[in-house]
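**Q** First, the structure itself, so that you have it in front of you.
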Amino acid sequence: MADVEAALDAAGLSNPKVREYVAYYAELTGAERVEVVTAADDARLIQEALDAGELEPAGEGRYYSRSYHKDTARSEERTIVSTSNEADKGVYNNWRPSSEMKPLLHDRMRGASAGKTMYVVPYLMSPPGNDLAPWAAGVELTDTRTVVLHMIRMARVGVDYLNDLEDPDLFVRAVHVTGDLENLGQGTPDDQRYFVTVADERTILHFGSSYGGNALLGKIAHGLRQAAYDGWASKKFLGEQYMLIGIHDKETGKDYHICGGFPSASGKTNLAMMLAPDTLGDRYHVSFYGDDIAWLWVGQDGRLYGMNPEYGVFGVAKDTNENTNPTALRSVAPGTGTIFTNVAYNPATQEVWWEGRTPEPPADTTGWLDWKGDPIADRSPEQAGEPWAHPNSRFTTTLDNVPNIAQDYDEPAGVPIDAIIFGGRTRDREPLIRAITDLAEGVYDGLTLGAEATFAAEGVDGQLRYDPMSNRPFMAYSEGDYARHYLDVVGAASEQPIFAHVNWFQRDPEDGHFLWPGYRDNLRPLLWLLQLKNGEVEGRRTAVGILPKEEELNLEGMDVPAEDLERILTIDKARWQQEMGFREEHLKQFANLPDEIWEAHRRVAADLDAEEA
Ligand code: GTP
Ligand code: SPV
Ligand code: MN
């Protein structure tokens with residue numbers, strides 16, 4: 001049995017409630033040792049992981065890890081939000097009573113860490129001193145060392161965050177037990193995995209994975225699911241899957257902040273790391289605040305504020321290259337301490353590669369291993385087309401490594417929000433951008449976000465589905481209550497943000513090419529949106545929002561074919577009318593949806609019918 005008291009004393013972890021919690025789960029899981037971790041332990045833990053073969057070197061100060069081959073993405077099916085109140089049951093939160101799930105998870109975890117070290121990771125999901133810091137403290141317990149190394153990169157980790165709490169009991173209890181990955185029946189009817197947030201007890205119990213959002217509990221489980229619930233229960237804030245950027249206009253000296261939700265693997269990281277297009281770079285600078293999570297609240301001065309609770313980036317590797325995202329490549333350069341997971345790896349040269357890193361994979365396959373660890377050179381002709389890297393392979397790096405990180409990202413104040421955008425992978429219907437000035441219509445638009453699902457979740461890649469507010473996998477309570485809370489929080493702000501729906505992914509119906517080049521050029525529609533808010537352009541009114549007139553978009557230095565441009569700036573009335581029927585069915589699932597949302601829906605539908613084809 002682990003000497004818990006001694007380990008906690010050695011680390012100076014004095015919070016009595018934390019000590020009680022650690023002792024309880026050390027006993028339950030049967031861990032052999034307990035070790036308290038802070039960010040200062042990184043170098044030692046990296047060395048231990050290298051020695052144990054859990055990490056391999058990937059050039060100077062960079063590391064490679066491989067997760068179990070059936071454990072490479074979030075599992076939506078196995079993810080549950082529990083409370084003791086059935087009224088919290090929504091459509092997407094997979095609600096189950098805590099009285100059922102807590103004992104079940106405790107059973108799974110009992111004795112499951114025998115022989116292992118239980119790492120105690122005290123963390124804070126906010127800049128220190130932020131208005132929302134009381135909801136940001138947590139302690140992850142994990143029996144996997146690489147999870148600790150990811151947590152150190154993704155969250156602020158240190159003992160003081162927990163010792164200094166005003167209310168010593170106000171922290172999230174986040175327990176991660178890996179389990180025997182080779183015997184969990186992943187994806188079968190006998191699946192043993194469970195990823196449960198007991199939201200009204202602020203307790204997270206995840207069993208059966210060591211990858212990404214299934215295991216880094218500060219990020220998705222606390223930063224999104226628990227935060228969403230806490231924000232609602234306290235009536236104080238929203239926890240959203242949003243990126244958050246600053247745009248500085250060097251000519252006027254003005255700073256703007258835009259946040260927005262796109263479903264997993266749909267462009268948040270790329271947008272947040274965006275460099276202004278060359279022709280606009282003299283005037284505009286984009287700075288990175290966050291790429292996956294934002295918490296929003298109304299500040300003392302009555303304005304809507306946002307901040308990124310995270311401390312790092314867990315970014316999609318696929319298609320990251322010098323053209324699409326040079327900022328990401330700088331962020332994972334030698335010396336950054338980056339951990340790559342499930343990309344292709346060459347132990348002989350310590351290089352990594354993923355699809356889209358270069359147009360063709362390395363010509364000399366000698367030494368190259370695919371994401372499963374199998375030599376590329378041994379592949380049969382039938383295997384030749386299989387990807388080298390897993391599509392959901394990722395890099396993990398801290399915010400300090402991101403070249404366009406905002407100077408004030410760590411400031412407690414957060415930043416005032418000028419605009420909120422929604423978007424997703426939508427191959428038809430959705431234009432490049434449509435602006436929405438009315439709050440209820442903005443919330444309605446978010447709730448009806450429809451997009452192709454991606455490889456970031458198991459087994460849904462390519463499915464067209466609704467992903468309300470890009471929160472479908474992170475919904476923590478009922479959608480009707482969620483809509484009400486969103487209207488209340490944002491509605492209380494003295495200055496209303498402008499909303500917009502964007503789409504970088506519309507395709508030519510014939511040959512399938514993307515009609516908009518995307519990436520850096522995505523700044524252009526965002527600049528138009530800010531100009532619209534400032535009254536500098538007027539756009540073209542349609543039933544589904546205000547679209548840019550072609551001459552209002554700054555297309556300097558671009559070469560988009562006229563017919564492509566026309567298509568992405570047009571509303572296809574018949575297709576939209578069909579969509580309104582689908583939306584009606586979608587919204588009907590949600591109990592207690594506020595009247596404002598239904599009114600917005602009926603208004604858009606009526607305006608659409610009245611519009612000329
Ligand atoms: P999560 O971390 O899963 O929440 O994802 P994310 O929304 O941050 O997605 P990310 O920015 O990592 O993008 C995922 C994929 O979309 C990558 O393969 C990108 O190359 C691709 N992508 C991003 N932006 C664009 C764009 O403007 N156009 C096109 N065609 N692809 C893009
Ligand atoms: C997502 O899937 O939306 C992510 C990655 O941001 S994970 O942390 O695995 O959830
Ligand atoms: Mn995400």
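Numbered by the working numbering, the letters in the sequence shown go through residues 1 to 613 in order. Ideal placement from N, C-alpha and C gives every residue a C-beta, glycine not left out. Being a predicted model, the structure only gives us computed values, none of them experimental.
Mind listing, in chain order, the residues whose beta carbon lies closer than 6 Å to a non-hydrogen atom of ligand 3?
**A** Result: GLN241, SER264 and ASP292.
**Q** Should PHE505 be listed as close to ligand 1, given that the test is whether its C-beta is under 7 Å from any heavy atom?
**A** True, at least one ligand heavy atom lies under 7 Å from that Cβ.
**Q** Quick check: the stretch 192 to 200 against the stretch 109 to 119, are there 3 or more CB pairs under 8 Å?
**A** no
**Q** Using beta-carbon positions only, say whether ASP445 and PHE422 come within less than 8 Å of one another.
**A** yes
**Q** If you measure from the CB of PHE207, is any heavy atom of ligand 2 nearer than 7 Å?
**A** Distances taken from the Cβ of PHE207 to the heavy atoms of ligand 2 include none shorter than 7 Å.
**Q** Between which two residues does the alpha helix (DSSP H) carrying PHE582 extend?
**A** 573 to 588
**Q** Between which two residues does the beta strand (DSSP E) containing HIS513 stretch?
**A** Per DSSP, HIS513 belongs to no beta strand (DSSP E) and is neither H nor E.
**Q** Given HIS485, which residues of its chain have a CB within under 8 Å of its CB, disregarding the five upstream and five downstream residues?
**A** GLY231, TRP232, LYS235 and LEU238
**Q** Can you tell me whether DSSP reads ILE417 as helix, strand or coil?
**A** coil
**Q** Excluding five sequence neighbours on each side, which residues of the same chain lie with their C-beta closer than 7 Å to the C-beta of ALA500?
**A** ALA419, ILE421, ILE433, ARG434, ALA435, ILE436 and LEU529
**Q** Out of VAL91, GLY253, TYR256 and GLY261, point me to the one whose CA is closest to TYR242's CA.
**A** GLY261
**Q** Under 8 Å, do LEU141 and VAL175 count as touching if we go by C-beta distance?
**A** yes
**Q** Would you report the Cα separation of ALA328 and PRO403, rounded to the nearest angstrom?
**A** Going by the C-alpha atoms only, they are around 8 Å apart.
**Q** Among SER209, GLY212, TRP295 and MET118, which residue has its Cα nearest to the Cα of VAL489?
**A** TRP295
**Q** Any contact of the stretch 358 to 378 with the stretch 76 to 94, i.e. 3+ C-beta pairs under 8 Å?
**A** By the criterion of at least three beta-carbon pairs nearer than 8 Å, the stretch 358 to 378 is not in contact with the stretch 76 to 94.
**Q** Could you tell me which of LEU553, GLU20 and PRO387 sits nearest to PRO362, measuring between CA atoms?
**A** PRO387
**Q** Spell out the partners DSSP gives PRO97 in its beta bridges.
**A** THR83
**Q** What does DSSP give as the partner residue(s) for MET243 in the beta ladder?
**A** GLY260
**Q** Could you tell me the distance, in whole angstroms, from the CA atom of HIS285 to the CA atom of LYS250?
**A** If I take the Cα positions, the gap works out to 8 Å.
**Q** Which value, in whole angstroms, describes the spacing of the CA atoms of THR320 and PRO326?
**A** 8 Å
**Q** Please work out which residues of its chain come closer than 7 Å, Cβ to Cβ, to THR106, disregarding the five sequence neighbours upstream and downstream, and give them in chain order.
**A** This sequence places His at residue 106; Thr is not what is there. Excluding positions up to five away in sequence, the list reads LEU28.
**Q** DSSP three-state label for GLY450, please.
**A** strand
**Q** Hey, is GLY414's beta-carbon within less than 8 Å of any beta-carbon in chain D?
**A** Looking at the structure shown, chain D is missing, and only one protein chain is on hand.
**Q** Could you check the C-alpha separation between ASP370 and ARG583 for me, to the nearest Å?
**A** Rounded to whole angstroms, ASP370 to ARG583 spans 42 Å at the Cα level.
**Q** Are the beta-carbon atoms of THR188 and GLY312 separated by less than 8 Å?
**A** Not closer than 8 Å, so no.
**Q** Could you tell me whether the Cβ atoms of VAL502 and GLY246 are closer together than 8 Å?
**A** Taking 8 Å as the cut-off, the beta carbon of VAL502 is found no closer than this to the beta carbon of GLY246.
**Q** Applying the criterion that 16 or more other CB atoms from any shown protein chain within 10 Å of the CB defines a buried residue, is SER494 buried or exposed?
**A** That one is exposed.
**Q** If you reduce the DSSP assignment to three classes, tell me which class SER209 lands in.
**A** Looking at SER209 - three-state DSSP - the assignment turns out to be coil, as it is neither helix nor strand.
**Q** Which class does VAL332 belong to by DSSP, given the choice of helix, strand or coil?
**A** Taken through DSSP and simplified to helix, strand or coil, VAL332 comes out as coil.
**Q** With DSSP as the reference, identify every bridge partner of TRP371, one or two as the case may be.
**A** None; TRP371 has no bridge partner.
**Q** Please classify GLU579: is it buried, with 16 or more other beta-carbons within 10 angstroms of its beta-carbon, or exposed?
**A** buried
**Q** Could you round the C-beta distance between ARG156 and LEU132 to whole angstroms and report it? I think they count as a contact, below 8 Å.
**A** So it is not a contact: roughly 14 Å between Cβ atoms.
**Q** If I follow the unbroken beta strand (DSSP E) through HIS285, where does it start and stop?
**A** Counting along the chain, the beta strand (DSSP E) containing HIS285 begins and ends at 284 to 290.
**Q** Determine contact between the stretch 55 to 71 and the stretch 339 to 348, defined as no fewer than three beta-carbon pairs at a distance below 8 Å.
**A** Contact between the stretch 55 to 71 and the stretch 339 to 348 is present, because at least three Cβ pairs lie under 8 Å.
**Q** Give a single yes or no on whether GLY213 has its beta carbon closer than 7 Å to a heavy atom of ligand 2.
**A** yes
**Q** Let me check understanding here. Comparing Cα to Cα, which of GLN463, HIS69 and ALA574 lies closest to ASN183?
**A** HIS69
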